[in-house]
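Chemist: The structure's right below; bear with me while I get my questions together.
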Amino acid sequence: MKKIFTCVMVALMSGLLMAPQVDAQSRRGGNQGNTSVSAQRPGRGGGNTRPGQGNTRPGGNGGGNHNAPTRPNNPGNTRPGGNGGGNHNVPTRPNHPGTRPGGGGHVKPVAPRPPQHGTRPVRPGISHRPPTLAPPPRPMRPIYGVWTRPVPPPGWRPVYNRPLMPDVLGLTFGIAIGSALDNLYSNGYNVDGYGQREVYLRGVRELGYAWDDATLYFNAGGALVRSQFFDSTVRYDMGRYYNVYSTLCSRYGTPVGSTNNGNEVSATWFGYSGDYVSLQYTMMNTPSGFRYFTVLTYGN
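This is how it looks when you write it as structure tokens:
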């Protein structure tokens with residue numbers, strides 16, 4: 000009985016071991032007769048393509064068309080905005096020195112033209128100035144009165160055989176008023192105004208000193224004959240007068256003529272051709288009242 004039971008158990012175990020082999024052979028039955036050396040992977044449809052793949056890629060035309068799909072910003076044969084079919088036009092970038100927006104090719108940037116000759120602004124007084132220009136009102140400008148030309152004393156003989164002052168502010172005596180204005184403007188002088196026979200200046204330097212006002216005088220023919228420089232103080236102060244007097248004496252020696260009458264102190268030097276230099280300290284009227292003036296005069 001024990002042997003029978005053992006034989007039955009052996010038969011059952013053999014049957015269980017044979018069942019998986021039979022099932023595996025039944026599954027491989029579909030592959031029998033396939034003589035290919037490489038086995039197909041699961042999911043293949045009998046070809047050499049992966050799942051979802053054939054001989055054509057997505058978007059292709061089939062039939063051996065191997066065109067790659069266009070990717071964004073792909074530097075392939077055609078770029079966005081291109082015409083396809085081997086069009087290699089490079090898109091225009093902003094500020095690129097190639098074709099400008101709306102241009103038809105590689106147009107070079109147009110350089111700005113230089114200013115044309117004769118278009119520079121004209122300074123007043125050089126060529127297009129009014130016939131007269133009244134100076135603006137100033138409280139310290141002297142109110143000019145009658146002026147008398149100084150004359151040398153009788154019997155006087157010149158010491159120098161040259162003019163005392165050959166020019167004033169770079170202008171020779173006898174220069175025409177128009178030319179004088181042109182020179183003054185060109186050399187940067189502050190022309191305060193001018194008339195038919197006078198030119199008014201402000202803030203000029205002469206003999207190493209700054210003078211509040213200066214006036215150039217021209218005769219009826221328009222030629223320069225006299226210049227005057229003015230410096231004023233509200234109180235009595237002869238410091239400027241004595242300093243300038245010392246400078247003139249070191250240049251021309253002792254003055255030929257002098258006055259001191261309580262209201263005015265003056266000294267005058269004469270040249271061989273009638274030219275003169277005069278220095279004066281006196282009280283003069285102004286729009287703001289009387290002030291003390293030191294006046295330096297060159298004449299011819």
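Counting from 0, one number per residue, gives the positions in the sequence shown under numbering that gives the first Met the number 0.
Don't be surprised by glycine CBs; every beta carbon is placed ideally from N, CA and C.
#1: Which residue or residues does DSSP assign as beta-bridge partners of GLY298?
#2: Considering only residues of the same chain and omitting the five flanking positions on each side of SER226, which have a CB-CB separation below 6 Å?
#3: With DSSP collapsed to three states, give me the class of VAL243.
#4: With DSSP run on the structure shown, which of helix, strand or coil describes LEU215?
#5: If I follow the unbroken alpha helix (DSSP H) through ASP181, where does it start and stop?
#6: In the structure shown, what three-state DSSP assignment does GLY256 receive?
#7: To the nearest angstrom, how far is it from the Cα of ALA133 to the Cα of LEU200?
#8: Do you know offhand how far ARG290's Cα is from ILE176's?
#9: Report the option in ASP211, LEU183, GLY194 and GLN195 whose CA atom is closest to the CA atom of GLY202.
#10: Answer yes if the stretch 156-174 comes into contact with the stretch 279-289, meaning at least three C-beta pairs across the two stretches below 8 Å, and no otherwise.
#11: Give the straight-line distance between the Cα atoms of PHE229 and GLY194, rounded to the nearest whole angstrom.
#12: Starting from the C-beta of TYR235, find all residues in its chain whose C-beta is less than 6 Å away, skip the five residues before and the five after it, and write them out in chain order.
#13: Short check: CB of VAL255 to CB of PRO152, under 9 Å?
#14: With DSSP as the reference, label ARG196 as helix, strand or coil.
#15: Could you give the C-beta distance for THR281 and ASN259, rounded to a whole number, given that I count them as a contact under 8 Å?
#16: For MET300, which residues from the same chain have a beta carbon less than 7 Å from its beta carbon, with the 5 sequence-adjacent residues on both sides left out?
#17: Return the first residue and the last residue of the beta strand (DSSP E) that TRP268 is part of.
#18: Does DSSP classify GLY238 as helix, strand or coil?
#19: Among ASP274, VAL190, THR293 and ALA219, which residue has its Cα nearest to the Cα of VAL240?
#20: With burial defined as no fewer than 16 other Cβ atoms inside 10 Å of the residue's Cβ, what is the status of HIS87: buried or exposed?
#21: Might you give, ordered along the chain, the residues of its own chain that have their beta carbon closer than 7 Å to the beta carbon of THR131, omitting 5 neighbours on each side?
#22: Which residue's Cα is closest to the Cα of TYR184: GLY252, HIS127 and ASN218?
#23: Should ALA209 be labelled buried (16 or more other beta-carbon atoms within 10 Å of its own) or exposed?
#24: On a CA-only basis, which of PRO135, SER245, TYR251 and THR267 is nearest ALA149? Give me that one, please.
#25: When you compare only the Cα positions, how much space is there between ASN189 and SER272?
#26: Counting C-beta neighbours from all protein chains within 10 Å, is the total for GLY270 16 or more, i.e. buried, or is it exposed?
#27: In whole angstroms, give me the CA-to-CA distance for GLY220 and SER277.
#28: DSSP beta-bridge partners for GLY210?
#29: Can you tell me which of TYR251, TRP146 and VAL145 puts its alpha carbon nearest to the alpha carbon of ARG161?
#30: To the nearest angstrom, report how far apart LEU206 and VAL243 are at their CA atoms.
#31: Work out the CA separation of ASN186 and VAL233 for me, nearest whole Å.
Modeler: According to the structure shown:
#1: For the purposes of this step, residue 298 is taken as the residue at position 299 of the sequence shown. In DSSP, GLY298 forms a bridge with ARG225 and TYR275.
#2: Stepping through the sequence shown from its first residue, residue 226 is reached at position 227. Within the same chain, SER226 has close Cβ partners VAL167, LEU215 and TYR297.
#3: Start at 1 with the first residue of the sequence shown, and residue 243 comes out as number 244. In the structure shown, VAL243 sits in a helix (DSSP, three-state: H, G or I).
#4: Counting from 1 along the sequence shown, the entry for residue 215 is found at position 216. Strand at LEU215.
#5: Taking the first residue of the sequence shown as 1, we reach residue 181 at position 182. Membership of ASP181 in the alpha helix (DSSP H) is indicated by the continuous run 176-185.
#6: Within the sequence shown, the letter at position 257 stands for residue 256. Residue state, collapsed to three classes: strand.
#7: Working through the sequence shown from its first residue, we reach residue 133 at position 134. Working through the sequence shown from its first residue, we reach residue 200 at position 201. Each residue's Cα considered, the two are about 12 Å apart.
#8: Counting from one through the sequence shown, the residue named residue 290 turns up at place 291. Counting from one through the sequence shown, the residue named residue 176 turns up at place 177. Answer to the nearest angstrom: the Cα atoms are 30 Å apart.
#9: The residue labelled residue 202 in the question sits at position 203 within the sequence shown. In terms of CA proximity to GLY202, ASP211 leads the group ASP211, LEU183, GLY194 and GLN195.
#10: No contact exists between the stretch 279-289 and the stretch 156-174.
#11: As a position in the sequence shown, residue 229 is number 230, starting the count at 1. As a position in the sequence shown, residue 194 is number 195, starting the count at 1. Going from the Cα of PHE229 to the Cα of GLY194 covers about 19 Å.
#12: For the purposes of this step, residue 235 is taken as the residue at position 236 of the sequence shown. Result list for TYR235: TYR291, in chain order.
#13: For the purposes of this step, residue 255 is identified with residue 256 of the sequence shown, where counting begins at 1. For the purposes of this step, residue 152 is identified with residue 153 of the sequence shown, where counting begins at 1. A contact, by the Cβ cut-off of 9 Å.
#14: Within the sequence shown, residue 196 is the residue found at index 197, counting from 1. Coil, per DSSP.
#15: In the sequence shown, the residue the question calls residue 281 occupies position 282. In the sequence shown, the residue the question calls residue 259 occupies position 260. Actually they do not touch by this definition, with Cβ atoms about 11 Å apart.
#16: Outside the modelled stretch of the chain, which goes from 0 to 299, sits residue 300, for which no answer is possible.
#17: Locating residue 268 in the sequence shown gives position 269, where the first residue counts as 1. Here the beta strand (DSSP E) through TRP268 covers 263-269.
#18: Along the sequence shown, one-based indexing puts residue 238 at 239. Helix at GLY238.
#19: Here residue 240 refers to the residue found at position 241 of the sequence shown. A small correction: the amino acid at residue 240 is Tyr; Val does not occupy that position in the sequence shown. The candidate whose alpha carbon is nearest that of TYR240 is THR293.
#20: One-based indexing of the sequence shown puts residue 87 at position 88. For HIS87, the predicted model reports a pLDDT of 48, less than 50, meaning its position is unreliable; a value from the coordinates is still stated below. By the Cβ-count criterion, HIS87 is exposed, with fewer than 16 other Cβ atoms from all chains shown falling within 10 Å of its own Cβ.
#21: Along the sequence shown, one-based indexing puts residue 131 at 132. Closer than 7 Å at Cβ, skipping near neighbours: TYR193, GLY194 and GLN195.
#22: Working through the sequence shown from its first residue, we reach residue 184 at position 185. Looking at the Cα atoms, HIS127 is the closest of the given residues.
#23: If you number the sequence shown from 1, residue 209 lands on position 210. Counting other Cβ atoms within 10 Å of its Cβ, ALA209 stays below 16 and is therefore classed as exposed.
#24: Sequence index remark: in the sequence shown, residue 149 carries index 150 (1-based). The sequence given here has Pro at residue 149, not Ala. If you compare the alpha carbons of PRO135, SER245, TYR251 and THR267 with that of PRO149, the shortest gap goes to THR267.
#25: Translated into positions along the sequence shown, residue 189 becomes position 190. Translated into positions along the sequence shown, residue 272 becomes position 273. About 31 Å.
#26: What you label residue 270 is simply residue 271 of the sequence shown in a count that begins at 1. GLY270 should be labelled buried.
#27: Within the sequence shown, residue 220 is the residue found at index 221, counting from 1. Within the sequence shown, residue 277 is the residue found at index 278, counting from 1. Computed Cα separation, rounded: 24 Å.
#28: Residue mapping note: residue 210 aligns to position 211 of the sequence shown, counting from 1. Residue 210 is actually Trp in this sequence, not Gly. According to DSSP, TRP210 bridges with VAL203.
#29: In the sequence shown, residue 161 corresponds to position 162, counting from 1. Comparing Cα-Cα distances from ARG161 to each of TYR251, TRP146 and VAL145, the minimum goes to TYR251.
#30: Sequence index remark: in the sequence shown, residue 206 carries index 207 (1-based). Sequence index remark: in the sequence shown, residue 243 carries index 244 (1-based). About 8 Å.
#31: Position 234 of the sequence shown holds residue 233. Position 187 of the sequence shown holds residue 186. Per the coordinates, the alpha-carbon of VAL233 lies some 32 Å from the alpha-carbon of ASN186.
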